[in-house]
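Worksheet: one structure, shown below.
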Amino acid sequence: MDLTFASYNIHKGVGADRRRDPERILAVLHELDADIIALQEADRRFGARAAVLSSALLADRSPWVPVAPRHRPQSLGWHGNVLLVRRSITVEGVSTPHLPTLEPRGAVCATLAHAGHRWRVAGMHLDLSGLRRRQQVRTICSHMTEGLEPLPGVLMGDLNEWSARGGALAAFAPHYHVLAPGRSFPARRPLGMLDRIVVSDGWGVAGCGVHDSALARQASDHLPVWARLVLNGARHGAPASTYAA
Numbered sequence: 017m018d019l020t021f022a023s024y025n026i027h028k029g030v031g032a033d034r035r036r037d038p039e040r041i042l043a044v045l046h047e048l049d050a051d052i053i054a055l056q057e058a059d060r061r062f063g064a065r066a067a068v069l070s071s072a073l074l075a076d077r078s079p080w081v082p083v084a085p086r087h088r089p090q091s092l093g094w095h096g097n098v099l100l101v102r103r104s105i106t107v108e109g110v111s112t113p114h115l116p117t118l119e120p121r122g123a124v125c126a127t128l129a130h131a132g133h134r135w136r137v138a139g140m141h142l143d144l145s146g147l148r149r150r151q152q153v154r155t156i157c158s159h160m161t162e163g164l165e166p167l168p169g170v171l172m173g174d175l176n177e178w179s180a181r182g183g184a185l186a187a188f189a190p191h192y193h194v195l196a197p198g199r200s201f202p203a204r205r206p207l208g209m210l211d212r213i214v215v216s217d218g219w220g221v222a223g224c225g226v227h228d229s230a231l232a233r234q235a236s237d238h239l240p241v242w243a244r245l246v247l248n249g250a251r252h253g254a255p256a257s258t259y260a261a
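Quick note, this note's numbering runs 16 ahead of the 1-based positions in the sequence shown.
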């Protein structure tokens with residue numbers, strides 16, 4: 017079984033032209049055509065924290081369903097984090113670890129199943145503080161396994177980490193491998209690899225990269241990143257370390 021995973025900080029739908037345009041974000045998501053997508057900044061920051069992409073828009077014009085505990089009626093995600101999961105994939109459960117933080121940050125974890133396989137995925141948006149980022153990584157890694165049956169895992173999001181190898185990247189548990197899709201921020205002239213996909217043992221990596229289209233450069237201040245992964249299929253794809261930072 018191979019799946020495409022992607023992570024995209026949509027900047028509350030505000031693009032390079034300073035317009036909030038949910039339709040443009042949705043068009044970029046269709047360009048990606050990933051099976052599971054972690055969105056960050058999917059809700060507005062103030063007031064009722066209304067969703068940038070409405071549930072109705074996703075239901076009518078996309079193959080994905082949003083996965084996140086909706087503690088605010090008008091929000092789509094948890095502190096702006098939401099997983100979009102292709103409808104053919106079963107969502108068995110969703111949870112949100114409590115992250116140590118100085119500002120509102122969050123992560124959404126889900127257990128998914130498809131074609132006889134089960135795995136866990138987490139979408140996250142980490143702190144601006146290096147110390148907090150490392151603490152948050154350790155918290156999320158523990159949440160993915162603590163008291164649960166062992167399953168392959170994929171973690172992805174805006175890590176806010178400028179270091180190529182150190183900092184928060186070094187805080188992931190030893191059985192996780194940090195991929196380096198490429199520079200994704202800022203979108204119009206990318207300099208930093210802030211957006212990452214992290215995979216556990218058990219996944220083969222068939223490819224990964226940055227989705228750098230003309231539309232994506234306009235839609236947000238981040239470019240999306242993606243990885244095509246093969247579950248229990250290292251013979252079909254390269255080992256994760258081939259693509260690691």
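Ideal Cβ positions, reconstructed from N, Cα and C, are used throughout, including at glycine.
Quick caveat: nothing in here was measured; it's all calculated off a predicted structure.
Whole-angstrom distance between residue j and residue i, CA atom to CA atom
{"i": "V215", "j": "R36", "result": "32 Å"}
{"i": "V170", "j": "Y24", "result": "15 Å"}
{"i": "R134", "j": "L147", "result": "33 Å"}
{"i": "A180", "j": "A123", "result": "22 Å"}
{"i": "E162", "j": "T155", "result": "10 Å"}
{"i": "L48", "j": "R102", "result": "12 Å"}
{"i": "N97", "j": "M17", "result": "26 Å"}
{"i": "G198", "j": "R60", "result": "27 Å"}
{"i": "A250", "j": "A189", "result": "Confidence at A250 is low in this model, with a pLDDT of 38, below 50, so the placement of that residue should be treated as unreliable; the coordinate-derived value is given next. About 20 Å."}
{"i": "N248", "j": "R34", "result": "43 Å"}
{"i": "A196", "j": "A243", "result": "10 Å"}
{"i": "Q151", "j": "I105", "result": "31 Å"}
{"i": "R149", "j": "A184", "result": "6 Å"}
{"i": "S257", "j": "H193", "result": "With a pLDDT of 45 at S257, under the threshold of 50, the modelled position of that residue is not reliable, and no figure is offered here."}
{"i": "H191", "j": "L207", "result": "28 Å"}
{"i": "A66", "j": "L45", "result": "20 Å"}
Buried versus exposed call for residue i [16 or more other C-beta atoms within 10 Å across all chains shown]
{"i": "N176", "result": "buried"}
{"i": "V241", "result": "buried"}
{"i": "W178", "result": "exposed"}
{"i": "V83", "result": "buried"}
{"i": "H27", "result": "buried"}
{"i": "R77", "result": "exposed"}
{"i": "H159", "result": "buried"}
{"i": "L164", "result": "exposed"}
{"i": "G31", "result": "buried"}
{"i": "G220", "result": "buried"}
{"i": "V107", "result": "exposed"}
Nearest residue (CA-CA) to residue i, options the options
{"i": "S71", "options": "D51, P38, A50 and G122", "result": "P38"}
{"i": "G109", "options": "C125, W80 and R149", "result": "C125"}
{"i": "V246", "options": "A131, V153 and L99", "result": "A131"}
{"i": "P79", "options": "L100, R136, D217 and S236", "result": "L100"}
{"i": "L73", "options": "A43, R65, P85 and H95", "result": "A43"}
Contact under 8 Å by Cβ, residue i with residue j
{"i": "L128", "j": "G93", "result": "no"}
{"i": "I53", "j": "A22", "result": "yes"}
{"i": "D143", "j": "T117", "result": "yes"}
{"i": "H238", "j": "F201", "result": "yes"}
{"i": "M209", "j": "G173", "result": "no"}
{"i": "T20", "j": "A50", "result": "yes"}
{"i": "L231", "j": "R40", "result": "yes"}
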